[in-house]
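Q: Residue numbers (my numbering): 4 to 338.
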Amino acid sequence: MYNGRQKVTRKDVAREAGVSETIVSYVLNKNRYVKEEKRQRVLEAVEKLQYQPNNIARALHGKGSRQILFIAEELSSGYFSELVSQMSRDVYKQGYMISLCESRGEEGFVSQILSRQFDGLFVSASGVTDRELKLLAKSGVPMVVFLNREIECDLQNTVLVDTGLYEGSRECVKHLVKNGCRNFVYLDKTGRPCDRDIHLKGFLDQIKESGLVFEPEQKISGCKDTEELEERLQAILEKNPSIDAIVARYDDLAAVALSVARKMGRNVPKDLAVTGFDNDFISNYVSPDLTTVEIQKEEVAKSAMEALLALIRNEKTDKNISITARLIIRDSTKQ
Numbered sequence: 004m005y006n007g008r009q010k011v012t013r014k015d016v017a018r019e020a021g022v023s024e025t026i027v028s029y030v031l032n033k034n035r036y037v038k039e040e041k042r043q044r045v046l047e048a049v050e051k052l053q054y055q056p057n058n059i060a061r062a063l064h065g066k067g068s069r070q071i072l073f074i075a076e077e078l079s080s081g082y083f084s085e086l087v088s089q090m091s092r093d094v095y096k097q098g099y100m101i102s103l104c105e106s107r108g109e110e111g112f113v114s115q116i117l118s119r120q121f122d123g124l125f126v127s128a129s130g131v132t133d134r135e136l137k138l139l140a141k142s143g144v145p146m147v148v149f150l151n152r153e154i155e156c157d158l159q160n161t162v163l164v165d166t167g168l169y170e171g172s173r174e175c176v177k178h179l180v181k182n183g184c185r186n187f188v189y190l191d192k193t194g195r196p197c198d199r200d201i202h203l204k205g206f207l208d209q210i211k212e213s214g215l216v217f218e219p220e221q222k223i224s225g226c227k228d229t230e231e232l233e234e235r236l237q238a239i240l241e242k243n244p245s246i247d248a249i250v251a252r253y254d255d256l257a258a259v260a261l262s263v264a265r266k267m268g269r270n271v272p273k274d275l276a277v278t279g280f281d282n283d284f285i286s287n288y289v290s291p292d293l294t295t296v297e298i299q300k301e302e303v304a305k306s307a308m309e310a311l312l313a314l315i316r317n318e319k320t321d322k323n324i325s326i327t328a329r330l331i332i333r334d335s336t337k338q
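#1: Does the beta-carbon of G321 have 16 or more other beta-carbons within 10 angstroms, so that it is buried, or is it exposed?
#2: Just to confirm my understanding: we take C226, look at its own chain, exclude 5 residues before and 5 after, and list those with CB closer than 7 angstroms. What are they?
#3: Taking all protein chains shown into account, do 16 or more other C-beta atoms lie within 10 angstroms of the C-beta of S23, making it buried, or fewer, making it exposed?
#4: What first and last residue would you give for the beta strand (DSSP E) that runs through C104?
#5: Of the choices N182, L256, D93, whose alpha-carbon is the least far from that of I368?
#6: Below 8 angstroms on the Cβ atoms is my guess for L275 versus D292; work out the distance and round it to an integer in Å.
#7: What's the gap between the Cα of R44 and the Cα of L139?
#8: Below 8 angstroms between beta carbons: does that hold for S3 and D200?
#9: Roughly how far, in whole angstroms, is the beta-carbon of V250 from the beta-carbon of C175, given that I think they are within contact range, below 8 angstroms?
#10: What three-state label does DSSP hand Y54 in the structure shown?
#11: Note the first and the last residue of the continuous beta strand (DSSP E) segment covering V189.
#12: Tell me, which residues are paired with K222 by DSSP?
#13: Does the beta-carbon distance from A328 to E85 come in below 8 angstroms?
#14: Buried or exposed for G268, please, with buried defined as at least 16 other CB atoms from any protein chain shown within 10 angstroms of its CB.
#15: Determine the extent of the beta strand (DSSP E) in which N323 is found, giving its start and end residues.
#16: For S102, count neighbouring C-beta atoms within 10 Å of its own C-beta (all shown protein chains included) and say buried if the count is 16 or more, exposed if not.
#17: Considering only their Cβ atoms, is the gap separating S335 from V277 smaller than 8 angstroms?
#18: Report the residue from E50, S106, V49 whose alpha carbon sits nearest the alpha carbon of L72.
#19: Three Cβ pairs or more, each shorter than 8 angstroms: is that satisfied between the segment 114 to 125 and the segment 281 to 295?
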């Protein structure tokens, strides 16, 4: 905007509000905490001087950017693609668009997000550190976090969604133990392991409760790709023929396990039971068809979307949402 013949600058806003230009930047970009009294002075100065950088004017008039960001741990995941697809359909009817971003783990990642003035955020917790979550929450941007790992910090203006990973993992172990399995291997996702993973915690808690022994080397984690995972799994099965159950973090990893078992002449499920997680389309197209846990994606998407829109509108909403996952028993574990 122009005031007479001069364009209003950030410096003008700072002078009017009686603060530094840095404070003005923090308020407009929402990337640092600013005391409420100073924040209000800046916003009033912006309004008075009609300073309108990018989408700030819309935000000040309560219109927002109409943009929501989904921060995922891996965009190639079938689970995330289905979830976002469902959310996009629902949120479009409300006048919003969803953008996708893979978590980076880089310095300045949070600032890059906040500088783009999104109205709200969906966050997969496993790809974002506690420190980054705290910065995002402190900025005041409404946020819904999917709990795939334990979070050890308090988050303001945030809804936490439990999609059933922990209990679903426990149900897998219970089912296998009921079928007589006693010696387990756990297949973690490839790439960097998730710190404090809720699925792994459910697995280990149920193993302990069942009175079984699980050695650290029976967890295959940190593989750079599926080829390395395949090699490590084959080595474990050759070294320990008594292994009778494999619990995989995802269905595609369980498919790798079925392939390894077939190559080694291990009969599934007679010699070796295998479970996956997510009920991805592949679970019905492997042989034998795969026992897995289904996350109620439509319910998760609907509940998360409603919660985020409530936060954006400053309406009351439950800060904790829990949705039960469902164990689907198929031929890979039947005796």
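Cβ coordinates follow ideal geometry from the N, Cα and C atoms, glycine included.
A: Checking against the coordinates, here is how it stands:
#1: Taking the sequence shown and counting its residues from 1, one reaches residue 321 at position 318. It is Asp, not Gly, that sits at residue 321 in the sequence shown. With fewer than 16 other beta carbons inside 10 angstroms of its own, D321 counts as exposed.
#2: Counting from one through the sequence shown, the residue named residue 226 turns up at place 223. T193, L232, R235.
#3: For the purposes of this step, residue 23 is taken as residue 20 along the sequence shown, with counting starting at 1. When all chains shown are included, S23 counts as exposed.
#4: Position 101 of the sequence shown, counted from the first residue, corresponds to residue 104. C104 -> beta strand (DSSP E) spans 100 to 105.
#5: This structure cannot speak to residue 368, because the chain is shown only from 4 to 338.
#6: Your numbering for residue 275 matches position 272 in the sequence shown. Your numbering for residue 292 matches position 289 in the sequence shown. Not confirmed; about 15 angstroms, so no contact.
#7: Here residue 44 refers to the residue found at position 41 of the sequence shown. Here residue 139 refers to the residue found at position 136 of the sequence shown. Note on geometry: alpha-carbon atoms of R44 and L139 lie some 22 angstroms from one another.
#8: Examination of residue 3 is not possible in this model, given that the chain is present from 4 through 338 alone.
#9: The count along the sequence shown starts at 1 and reaches residue 250 at position 247. The count along the sequence shown starts at 1 and reaches residue 175 at position 172. Cβ atoms of V250 and C175 come within 8 angstroms of each other, at about 5 angstroms.
#10: As a working note, residue 54 is residue 51 in the sequence shown. Note: Y54 maps to coil in three-state DSSP.
#11: Numbered from its first residue, the sequence shown carries residue 189 at position 186. Residue identity check: residue 189 is Tyr in the sequence provided, not Val. In this chain, the beta strand (DSSP E) harbouring Y189 covers 187 to 190.
#12: Locating residue 222 in the sequence shown gives position 219, where the first residue counts as 1. BP columns for K222 point to Y189.
#13: The residue given as residue 328 occupies position 325 in the sequence shown. The residue given as residue 85 occupies position 82 in the sequence shown. Result no, Cβ atoms of A328 and E85 do not sit closer than 8 angstroms.
#14: For the purposes of this step, residue 268 is taken as residue 265 along the sequence shown, with counting starting at 1. With fewer than 16 neighbouring CB atoms inside 10 Å of its own CB, G268 falls in the exposed class.
#15: By one-based count along the sequence shown, residue 323 stands at place 320. 323 to 325 is the extent of the beta strand (DSSP E) around N323.
#16: Within the sequence shown, numbered from 1, the residue matching residue 102 stands at position 99. Exposed, by the Cβ-count rule.
#17: For the purposes of this step, residue 277 is identified with residue 274 of the sequence shown, where counting begins at 1. For the purposes of this step, residue 335 is identified with residue 332 of the sequence shown, where counting begins at 1. For V277 and S335, yes; Cβs fall inside 8 angstroms.
#18: Residue numbering aside, residue 72 sits at position 69 when the sequence shown is read from its first letter. Selection E50, S106, V49 evaluated against L72 yields S106 as nearest (Cα-Cα).
#19: Under the Cβ criterion (8 angstroms, minimum of three pairs), the segment 114 to 125 does not count as touching the segment 281 to 295.
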